[in-house]
Structures are given as C-alpha cells and as structure tokens.
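In this text, residue positions in the sequence shown follow full-length UniProt numbering: the first is 1, and each later residue adds one. Every residue, glycine too, gets a C-beta built ideally from N, C-alpha and C. Owing to the predicted nature of the structure, the values given are computational and were not obtained by experimental measurement.
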Amino acid sequence: MASTYDLVVDVDSVEQPEDTTHDVLFKIGVVADIQYADVEDATSFHGVPRFYRNSLIGLRRALSAFEAEGVALTLDLGDAVDAKQKAAAHAGFDAVLGCFESRPFPSYHLVGNHDLYNLPRPELNKRLGIAPAGPYGSSYYSLVPHPSTRILVLDSYELSLLDAAQGPDHPLRIRADQIMAVNPNSNKHSPDGLVGEQRRFVEFGGGVGEGQLEWLRAELEAAKAAGQRVIVAGHVPFCPGTCPEPCVLWNYEEVLALLEASGVVSATLAGHAHMNGYVLRNGIHHIVMPSILETPPDRDAYATLDVTPSALILRGHDTCMSLILRVAGPTGAPLAQPLPLRTLAPWAEAAVKQRRSGGDCTSKAVEAAAASNAEGAVMALTPMVQA
Ligand SMILES: [Zn+2]
C-alpha cells in the first residue's frame, strides 16, 4: 500500500506520443462546499474566513468557466447551503440551485452535512433532484456520461446522526449510534479524547450503509462487465491523508476495500474538508477539493476534470490544485508498466500547513512545491489554466 502523500509520477508520459492531454473524452466541472447563506461574513471554528454571500458569485464564475470549457456535466460535491441559512432553508436552496439552471450542461448534487442541517433527507432529495435509493430513500446514484466511464455518487451520510427525518428506532440511525458510541463527548461534533484515525467518529461525519455497499459492489461489477472505468464521488473524503482525520468517512475501510478490489476505479472526488488534498492508495487517486465558501471574493476554487483514455487531468483554477493523474484504460486493464511511486510530502504538507495558518493554498504554492520536487512527481498545470 502506498503511504500517505505518495503521489503518482507522470511527468515523463506528458512528452510521450501516448500522452492524451489532447484526446479528451469528456470534461466534468467540479465544485465543492458552496455553503451559501444570506448572512454576514464570519470565520470557521478554526478561524478561517468564510464568505457566505460571495459563494454565489464564486459559484456563478465557476459555472461560466465550465460553460466556456464545454463540460459534459457538473458535480456539486455537497454542502450547497450552510447551516446558518436554516431559518430560510428553501430560499437558500433556491439561490444556489438557481445558479445551476439555464446552463447547457446537467448538474448533479450530493448531500452534505450542512444540507442535512437545513432539511430532512426526503426534502433534500426532492430539492436536489436525487431519486431516493434503497429501502430508506438514500441519496446514492450512478451516471454514465460517456460510454467509457461510470460515475458512482455515494451517500456519505446514509449512516448519520444528522437526518431529522429519522427517529431513534430507524435501522440506519441505530447503526450510526453503534458506530458513534466510541465518541465519549456529550457534544459529538468534538473529536476530543479520540486518537489518530478514531477522530473521524464525529457527528459532522457519516458512513455508507450495508445496502449501499451492496449496490456499490453490483455497480462496480457492472462497470467491469461493460469495460468502463469508474470515478467515485462523495461529500466526505474516502482516504486518510487527504484531509484532517475528523473529515474522513466513518467506514472508509469497507468502501476502499470494495473500490480497490474491483480494479476499475480510477479516482475518488470529495469535498467537506475545505482544502486541497491528494493521496494515491493502491492504484486509486483520491482527490479532495477546496471550498468555494472559504475562498476570498477575488479568488476562485473549482476545477475541470478532463477525462482522457489514459489520464485524469485536474485543471484547478486559482486556489485549486492541478494534477495529471495516470489511470488504467477504459477497459479497466491495468497499465503495462506499474506507475513509479515517489514520496512527495512537501507540497501536500505545505498546502495543509498554509491552510491551517489562515493562508490560502494557491496553485502557485502547488507549482512551487512541484518544482522543488527534483523527481517531478506531480505535474502542476498552473500556466495552462492561467493562459
Ligand atoms: Zn461538509
């Protein structure tokens, strides 16, 4: 298993004829953690500035860029509306969803914890256009935007303490309570007293239930049979090391075991942590996106993911990192040559440190860190996205 912060090295292939930076099958626009609220700006629990009203402006700028770039679809990775909007939740969703309307591409939404602070799940599914899945009306679904690729959108809060529509006897709630029993605090949003990876057992986290795991297994098999590669999206990050411990999915081990065993998953996309994050683990690229909410009004935080036959190219705009990620072909066949892994802690650690100290993680910082890595382990695309 690759250790935390191992990154894929792909610089060599950029110069090779098989490089497919010009052979884009389709593009996905990606935004995370819009967290709009009609309230004054404030700071997070950790002191990071939050620009609640500006998030709509940042979102519109992202969507206009996606339109110009000709994306096939947009993924909104969840937390569309902040908890501070609860008194007028529907007005908040009207404002955010209105930005997605009248665009020439479909937009797909995920349920985040802040969405659940605002509305119970049945209403959220309706508002976000999600067909209720499984026996409990959960919020997972699959898409095939191109014959080569299946996108599996997971419900990170199928197991959760946050769904106001669930009573204490609901089977999913009972399971969530069992998982969260390890948290000793009366305020279960706090990870105090939990150590290391256990710190993920907090109330703003969540997990994937049994039924959804079964669905996931079947979808992965179907993708394999169809010769499709798979991109998995969820609100809560899937892989330790991509984000602070309290932001990792409760039962990430079960989910990653399925993804890794399938041999067809190229990457996961998540939000929730409000920072750039990346880890390569057992052949799967795990990407965590920065938030629009915590991006200053004159800056941007979104990405276009170019899907090519041999790579995923994350074109981060401004404060969002950019990466070229080598993947197996659409048939799911492994690459002929195993990818070399080289440890590249400096840029990832520098980015996290900057973020925690209130600075922003600019693509310049990623570029500088990549440049300082003599092996060229990551290919920053900053000049391309600024052009
Ligand atoms: Zn969240």
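Counted within 10 angstroms of its Cβ, other Cβ atoms place residue i as buried (16 or more) or exposed
{"i": "Asp318", "result": "buried"}
{"i": "Arg281", "result": "buried"}
{"i": "residue 417", "result": "Shown here, the chain extends from 1 to 387; a query on residue 417 therefore has no answer."}
{"i": "Asn125", "result": "buried"}
{"i": "Arg121", "result": "buried"}
{"i": "Glu158", "result": "buried"}
{"i": "residue 407", "result": "Only positions 1 to 387 of the chain appear in this structure, which leaves residue 407 out of reach."}
{"i": "Arg217", "result": "exposed"}
{"i": "Phe66", "result": "buried"}
{"i": "Ser322", "result": "buried"}
{"i": "Ile292", "result": "buried"}
{"i": "Asn276", "result": "buried"}
{"i": "Ser55", "result": "buried"}
{"i": "Asp163", "result": "buried"}
{"i": "Asn183", "result": "buried"}
{"i": "Pro171", "result": "exposed"}
Endpoints, alpha helix (DSSP H) assigned at residue i
{"i": "Val255", "result": "252-262"}
{"i": "Ser55", "result": "54-69"}
{"i": "Leu124", "result": "121-128"}
{"i": "Leu269", "result": "From DSSP, Leu269 is part of no alpha helix (DSSP H) but of the beta strand (DSSP E) over 265-270."}
{"i": "Arg174", "result": "Here residue 174 is Ile; the residue named in the question, Arg, does not match the sequence. Element bounds for Ile174: 171-180."}
Start and end residues, beta strand (DSSP E) containing residue i
{"i": "Lys84", "result": "Per DSSP, Lys84 belongs to no beta strand (DSSP E) and is neither H nor E."}
{"i": "Tyr141", "result": "141-146"}
{"i": "Ala301", "result": "301-307"}
{"i": "Ala233", "result": "229-233"}
{"i": "Phe93", "result": "Segment 89-100 is the alpha helix (DSSP H) holding Phe93; no beta strand (DSSP E) there."}
{"i": "Ile28", "result": "26-31"}
{"i": "Leu73", "result": "73-76"}
{"i": "Arg281", "result": "277-281"}
Contact belief for residue i with residue j at Cβ below 8 Å, rounded distance in angstroms
{"i": "Asn185", "j": "Asp177", "result": "The pair is not a contact, with the Cβ atoms about 14 Å apart (cut-off 8 Å)."}
{"i": "Gly129", "j": "Thr74", "result": "Wrong, their Cβ atoms sit about 13 Å apart, outside the cutoff."}
{"i": "Gly271", "j": "Val288", "result": "7 Å"}
{"i": "Arg150", "j": "Gln228", "result": "5 Å"}
{"i": "Asp79", "j": "Asp41", "result": "That belief does not hold up - the Cβ atoms of Asp79 and Asp41 are roughly 17 Å apart, past 8 Å."}
{"i": "Gly265", "j": "Val230", "result": "Looking at the sequence itself, residue 265 is Val, so the reference to Gly does not match. Between Val230 and Val265 the Cβ distance is about 5 Å, and since that is below 8 Å, they are a contact."}
{"i": "Val111", "j": "Asp82", "result": "The Cβ separation is near 14 Å, so there is no contact."}
{"i": "Leu63", "j": "Ala32", "result": "No, Leu63 and Ala32 are not in contact; Cβ-Cβ is about 14 Å, not under 8 Å."}
{"i": "Arg127", "j": "Phe93", "result": "5 Å"}
{"i": "His286", "j": "Leu312", "result": "That pair is no contact at about 12 Å."}
{"i": "Trp250", "j": "Ile324", "result": "At roughly 31 Å, the Cβ-Cβ gap does not stay under 8 Å, so Trp250 and Ile324 are not in contact."}
{"i": "Asp23", "j": "Thr304", "result": "That pair is no contact at about 16 Å."}
{"i": "Tyr143", "j": "Tyr108", "result": "The sequence given here has Leu at residue 143, not Tyr. Rounded, the Cβ-Cβ distance is 7 Å, consistent with contact."}
Minimum Cβ-Cβ distance from residue i to chain D less than 8 Å
{"i": "Val48", "result": "The chain inventory of the structure shown lacks chain D, comprising one protein chain alone."}
Residue i in three-state terms, based on DSSP
{"i": "Thr20", "result": "The predicted position of Thr20 is uncertain, since its pLDDT is 37 and thus under 50; a value taken from the coordinates is nonetheless stated next. In the structure shown, Thr20 sits in coil (DSSP, three-state: anything other than H, G, I, E or B)."}
{"i": "Tyr36", "result": "strand"}
{"i": "His286", "result": "strand"}
{"i": "Thr319", "result": "coil"}
{"i": "Gly207", "result": "strand"}
{"i": "Arg103", "result": "coil"}
{"i": "Ser357", "result": "Summary for Ser357: the model assigns pLDDT 44, below 50, so the residue's position carries little reliability; its value from the coordinates is reported in the next sentence. Coil, per DSSP."}
{"i": "Lys188", "result": "coil"}
{"i": "Ile313", "result": "strand"}
{"i": "Tyr157", "result": "coil"}
{"i": "Gly112", "result": "coil"}
{"i": "Pro49", "result": "strand"}
{"i": "Leu216", "result": "helix"}
{"i": "Ala133", "result": "strand"}
{"i": "Ala273", "result": "coil"}
Pairs of beta-carbons, one from the segment 86-98 and one from the segment 32-43, closer than 8 Å: are there three or more? yes
Would the segment 168-175 count as touching the segment 252-272 if we require 3 or more Cβ pairs under 8 Å? no
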